[in-house]
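Read the structure below first, then the notes.
Residue numbers (this note's numbering): 2 to 114.
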């Protein structure tokens, strides 16, 4: 099983906040400036830009700056580490549950004999 390290922690930390999840949902449709992203939220711009920084450090968004305007874009590849970790966990638990199922079937069959 690969070691996903800090990257997967950063992705889950970034996604744990509802404001950041809403930003991700907004960026699905198109890139947006900091002001456009901040508009629906009732918080100071410096606080909001901290959320954007968390998303960028996690690799979920990228930004470009042109003059004084910073534009953010979704970076779907940023989810790869979390998706890989979740897939590994799913395989692990499916294997464990299959083994438990087989054990319980054997136990039931032994009782019937």
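Every residue, glycine too, gets a C-beta built ideally from N, C-alpha and C.
On a predicted model such as this, the values are computed, not experimentally measured, just so you know.
Between which two residues does the beta strand (DSSP E) carrying residue i extend?
i           : result
residue 75  : 70–75
residue 110 : Run containing residue 110: none in the beta strand (DSSP E); it sits in the alpha helix (DSSP H), 81–113.
residue 1   : Because the chain in this structure spans residues 2 to 114, residue 1 falls outside the shown range and cannot be described.
Rounded to the nearest angstrom, what separates residue i and residue j at their Cα positions?
i          : j           : result
residue 47 : residue 85  : 33 Å
residue 51 : residue 105 : 51 Å
residue 1  : residue 32  : Here the chain covers residues 2 to 114 and nothing more, so residue 1 does not appear.
residue 34 : residue 73  : 6 Å
residue 1  : residue 54  : A query on residue 1 cannot be resolved here, the shown segment of the chain reaching from 2 to 114 and no further.
residue 95 : residue 87  : 12 Å
residue 39 : residue 80  : 23 Å
residue 30 : residue 6   : 30 Å
Mind checking residue i: buried by the 16 CB within 10 Å criterion, or exposed?
i          : result
residue 11 : buried
residue 82 : buried
residue 45 : exposed
residue 69 : exposed
residue 21 : buried
Under DSSP, the alpha helix (DSSP H) around residue i begins and ends at which residues?
i         : result
residue 7 : 6–16
residue 1 : As shown, the chain starts at 2 and ends at 114. That puts residue 1 outside it, with no answer to give.
Leaving aside the five residues before and after residue i along the sequence, list all residues of the same chain whose C-beta is less than 6 Å from its C-beta, in chain order.
i          : result
residue 65 : 72
Validate contact between the region 82–100 and the region 23–36 using beta carbons, cut 8 Å, 3 pairs: no
Touch test, the region 8–15 against the region 56–63, Cβ-Cβ under 8 Å, three pairs minimum: Remark: three or more beta-carbon pairs, one from each stretch, lie closer than 8 Å, so the region 8–15 and the region 56–63 are flagged as touching.
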